[in-house]
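J.: Can you keep this structure in mind? I'll have questions shortly.
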Amino acid sequence: MLKYTVRRLLAAIPVLFGLSIILFAFVHFLPGDPCRSLLGQHATPEACQRLRENLGLDLPLWQQYLNYLDKLIHLDFGASIINSKPFLQEFAIRFPATVELAVGAMIFAVGLGIPLGRLAARHAQGGIDAGVTVISLLGVSIPVFVLALLLVYVFSVQLGWLPSQGRLNPRADFEPVTGFLILDTIITRQWNLTVDAISHLILPAIALGSIPLAIIARITRASVLDVNNEDYIRTARAKGLKEKRVDARHIMRNAWLPVVTVIGLQVGGLLAGAVLTETVFAWPGVGRYVVDAIQNRDYLIIQSSVMIFALIFLVVNLLVDISYAYLNPRIRYS
Amino acid sequence: MTAAAPTVVPVAERRASRGLWSDAFRRLLRNKPAVLGIVFIAIFVGAALLAPIIAPYGPLEGELVNRLQPPSPQHIMGTDLQGRDQYTRILYGAQISLQVGVVAVILALAMGAFIGALAGGLGGKVDAVLMRSTDVFLAIPGLLLAIGIIAWLDRGLWQLMLAIAVTYAPIFARLLRGSLLALRESDYVIAARSIGAGGNRVLTRHMLPNALTPLIVQATLVLATAIIDIAGLGFLGLGPADPRTPEWGTMLTDARRFLQTAPWLVFFPAAAIVISAIGFNLLGDGLRESLDPRLKR
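Listed in order, the protein sequences are those of chains A and B.
Just so you know, we're using our numbering here: the first sequence kicks off at 129 and counts up by one.
Just so you know, we're using our numbering here: the second sequence kicks off at 65 and counts up by one.
As structure tokens, this is what we get:
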């Protein structure tokens, strides 16, 4: 197990290395004059000179790259060119909002997707199966931001059941502790605010969770059907085990494996989808931070954001692979 | 032996491949969801091709006095903020999505197939280097990579195509490499090699045609995601350089502020995106089932 983990960790190093080269090139080979691209058309020559020194643009290319690498290793992700706020700090402030959103989306997707997939498999080729197939088709075919807009229209504009903007009632006077608002309101025992925070989370979480929901339902169905055909399932049934026990101990134990992998793979999509979801719901997370950076052409922020997103994606997939190996002895011992 | 091979192989191959494709096509037409998908795609492609003929107005023409009108006989999908006819703009929007989507996917296929064929065909160090490179691109969540590329190249149709192509090329590369590796060990490739067929010939005549079907299926499915991505990028303000361009996602950016007063501005572009995405998803799934002879019922 340890050997496997170490091997997987080592495999991530060349990827990070390649990523650093691409992101270095991203900023250092911006089309046109880097000063104009980074500071805008009306930058003064002094500002340009300062930027050149800051970025070390006058140094040879390989040295610039090594400098960049050195900064990365020391977790120095630079600062905004617009307002010189440090990236890491700004990112950290917004990160809990995005994590809360992503966790909400994943709870929705897994909590509904797995039962739907199992249901469809149990009634394969029947009406329920067809219904689940349609749901998953819609899930992968409706863009996140389109679903978000439709949800807002139905549940906020028409029915007035749920709020459509932000994470908390703006009139609520609340000082966050950890930044995870639902957790914070529970810690401080402000239950009415907990309800408010959850009601703000529902629509964004559904919108963002729709694609993983569709994919998880599909994979669960296929995986359960696959395992169902195995000899050991027939054996389990033949020896007279209750269907419930066959399901829990024989089918799901094995059917889980591909589902876990897919859940891990969805994390990348969640990060990208968060950019769109946060835009629709004015959710103050890292997705909007990136969108703002793009609109301001704040290239250093874009560069660092992509790096962090990729890093999170790699770490999550590593964790998934390790848990996969833990769940599946066939991988662990090979 | 080597002299006889070229005269025998093409005949057998032609007949086999004609059988495979017509067989697959017949199976596809028996698949109801796939036919529905083809119908949706036909609507989408028809709208794109016929836009200049069937559109009642010009995509950019409109009077401010007519702004935000609900659907009516004159404007069956209502008018937008500038008083432009939304039905017209949706038809022209199909042109943009189809153009950008198809070019992007073809570009992605070309790039991916080139990398995949190189990696799977040559193997060894080339394979290792190329696959690690695709790992790097796959580590950046899809839409973010496209966002980064457009931030770098600035907005525009070509940039949009390129951004989406680069995002999906690694997927095609890995897919083709995977099938080539599997095929390398297959009996008929070993047979071809054993009768003295050269490396190039084995790759182009025996391996690539057989590795093609998963690529076609994947390309169809990617076209659905590409249309969704184009709209998403447009929605974020990263679509065509001219904000007046009737791109579906860009149209939604303006429309969302009027969700309460003019919801038709959201519904129709949304429906257009969803219908075309469903079309390609259904066709892709249908193709997967019909092109795989092992699934033959």
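Don't be surprised by glycine CBs; every beta carbon is placed ideally from N, CA and C.
1) Interface residues of chain A around G301 (chain B) at Cβ under 9 Å?
2) Since I314 (chain A) and T322 (chain A) should fall inside the 8 Å C-beta cutoff, what is the C-beta to C-beta distance between them, to a whole number of angstroms?
3) Determine which residues of the region 183 to 208 of chain B have a Cβ less than 9 Å from any Cβ of chain A, and write them out in chain order.
4) Under the criterion of a Cβ to heavy atom distance below 7 Å, does P304 (chain B) qualify as lining the ligand ATP?
5) Provide the residue(s) that pair with V207 (chain A) in DSSP beta bridges, ordered along the chain.
6) Between which two residues does the alpha helix (DSSP H) carrying R349 (chain A) extend?
7) Please tell me whether S432 (chain A) has its Cβ less than 8 Å away from any Cβ of chain B.
8) Going along chain B in order, which residues have a C-beta closer than 9 Å to the C-beta of I310 (chain A)?
9) Got a sec: is the Cβ-Cβ distance from N345 (chain B) to anything in chain A below 8 Å?
10) Using the Cβ count rule (16 or more neighbours within 10 Å means buried), how would you classify Y360 (chain A)?
11) Against Y118 (chain A), what residues of chain B qualify as contacts under a CB-to-CB distance less than 9 Å, listed in chain order?
12) Using the three-state DSSP reduction, which class does I141 (chain A) fall into: helix, strand or coil?
13) Tell me which residues of the region 377 to 407 of chain A have at least one Cβ-Cβ distance to chain B shorter than 7 Å, keeping chain order.
14) Using the C-alpha atoms, what's the distance from A158 (chain B) back to Q423 (chain A)?
15) Please check if any C-beta of chain A sits within less than 8 Å of the C-beta of I342 (chain B).
16) Give the straight-line distance between the Cα atoms of L309 (chain A) and A225 (chain A), rounded to the nearest whole angstrom.
17) In the DSSP assignment, find the alpha helix (DSSP H) that holds D191 (chain B) and state where it starts and stops.
18) Can you grab the Cα-Cα spacing for the pair E311 (chain B) / E127 (chain B), in whole Å?
19) On the three-state DSSP scale, how would you describe T143 (chain B)?
20) With 8 Å as the threshold, decide whether the Cβ of I263 (chain A) is near any Cβ in chain B.
21) What is the residue span of the alpha helix (DSSP H) that W328 (chain B) lies within?
22) Taking the straight line between their C-alpha atoms, what separation do you get for E125 (chain B) and Q138 (chain B)?
23) Mind pulling the chain A residues with CB within less than 9 Å of G348 (chain B)?
24) Compare the Cα-Cα distances from H270 (chain B) to each of B:R257, B:L302, B:L202, B:S340 and report the closest residue.
25) If you follow the alpha helix (DSSP H) that L124 (chain B) is in, where does it begin and where does it stop?
26) Answer with buried or exposed for D149 (chain B), where buried requires no fewer than 16 other C-beta atoms within 10 angstroms of its C-beta.
27) State the DSSP-derived secondary structure class of R238 (chain B), mapped to helix, strand or coil.
28) Go ahead and pull the three-state DSSP assignment for D149 (chain B).
29) Do S354 (chain B) and A88 (chain B) have their C-beta atoms within less than 8 Å of each other?
30) Buried or exposed: R94 (chain B), going by 16 or more other Cβ atoms within 10 Å of its Cβ?
31) Going by CA-CA distance only, name the one from B:P97, B:R321, B:G350, B:F331 that's closest to A258 (chain A).
32) Going by DSSP in three states, H251 (chain A) sits in which element: helix, strand or coil?
33) Under a CB-based cut-off of 8 Å, is I140 (chain B) close to chain A?
34) Applying the criterion that 16 or more other CB atoms from any shown protein chain within 10 Å of the CB defines a buried residue, is L130 (chain A) buried or exposed?
35) Would Y151 (chain B) be called buried (16 or more neighbouring beta carbons within 10 Å of its own) or exposed?
36) Tell me the residue span of the alpha helix (DSSP H) that contains R321 (chain B).
T.: Once the coordinates are examined:
1) What G301 (chain B) touches in chain A: V419, I422, Q423.
2) That belief holds up - the Cβ atoms of I314 (chain A) and T322 (chain A) are roughly 6 Å apart, short of 8 Å.
3) Those residues of the region 183 to 208 of chain B that come within reach of chain A (Cβ to Cβ, closer than 9 Å) are R196, S197, D199, V200, F201, L202, A203, I204, P205, G206, L207, L208.
4) In the structure shown, the ligand ATP is absent, as is every other ligand, since no ligand is present at all.
5) A small correction: the amino acid at residue 207 (chain A) is Ala; Val does not occupy that position in the sequence shown. By DSSP's assignment, A207 (chain A) forms a beta bridge with A:P214.
6) In the DSSP assignment, R349 (chain A) falls within the unbroken alpha helix (DSSP H) covering 319 to 356.
7) No, its Cβ sits nowhere closer than 8 Å to a Cβ of chain B.
8) Counting only Cβ-Cβ distances below 9 Å, I310 (chain A) has no contacts in chain B at all, with the closest Cβ about 25 Å away.
9) For N345 (chain B), the nearest beta carbon of chain A is closer than 8 Å to its own beta carbon.
10) Exposure of Y360 (chain A) is indicated by the presence of fewer than 16 other C-beta atoms within 10 angstroms of its C-beta.
11) Outside the modelled stretch of chain A, which goes from 129 to 462, sits residue 118 (chain A), for which no answer is possible.
12) If DSSP states are grouped into helix, strand and coil, I141 (chain A) belongs with the helices.
13) Taking 7 Å as the Cβ-Cβ cut-off, the region 377 to 407 of chain A approaches chain B at G396, G397, L399, A400, V403, L404, T407, given in chain order.
14) Cα to Cα, Q423 (chain A) sits roughly 26 Å from A158 (chain B).
15) Yes, I342 (chain B) counts as interfacial toward chain A.
16) C-alpha separation (whole angstroms): 8 Å.
17) 188 to 202 is the extent of the alpha helix (DSSP H) around D191 (chain B).
18) Between the C-alpha atoms of E311 (chain B) and E127 (chain B) there is a straight-line separation of about 20 Å.
19) T143 (chain B) carries a strand assignment under DSSP once its states are collapsed to helix, strand and coil.
20) Residue contact with chain B for I263 (chain A): absent (no Cβ-Cβ distance below 8 Å to any residue of chain B).
21) Start and end: 328 to 355.
22) Between E125 (chain B) and Q138 (chain B), the alpha-carbon positions lie close to 14 Å from each other.
23) Result: empty, since nearest Cβ-Cβ is about 10 Å, beyond 9 Å.
24) Distances from the CA of H270 (chain B) to each of B:R257, B:L302, B:L202, B:S340 were compared; the closest alpha carbon is that of B:R257.
25) Where L124 (chain B) is concerned, there is no enclosing alpha helix (DSSP H), given that its DSSP letter is neither H nor E.
26) Counting Cβ neighbours within 10 Å, D149 (chain B) comes out buried, since at least 16 surround it.
27) R238 (chain B): helix per DSSP, three-state reduction.
28) Residue state, collapsed to three classes: strand.
29) For the pair S354 (chain B) and A88 (chain B), the CB atoms are nearer than the 8 Å cut-off.
30) That one is exposed.
31) Ranking B:P97, B:R321, B:G350, B:F331 by Cα distance to A258 (chain A) puts B:P97 first.
32) Coil at H251 (chain A), not helix or strand.
33) Taking a beta-carbon distance threshold of 8 Å, I140 (chain B) does not count as an interface residue toward chain A.
34) With a 10 Å radius around the Cβ and a threshold of 16 neighbouring Cβ atoms, L130 (chain A) comes out exposed.
35) The residue is buried, with at least 16 neighbouring Cβ atoms inside 10 Å.
36) For R321 (chain B), there is no enclosing alpha helix (DSSP H), as DSSP marks it with neither H nor E.
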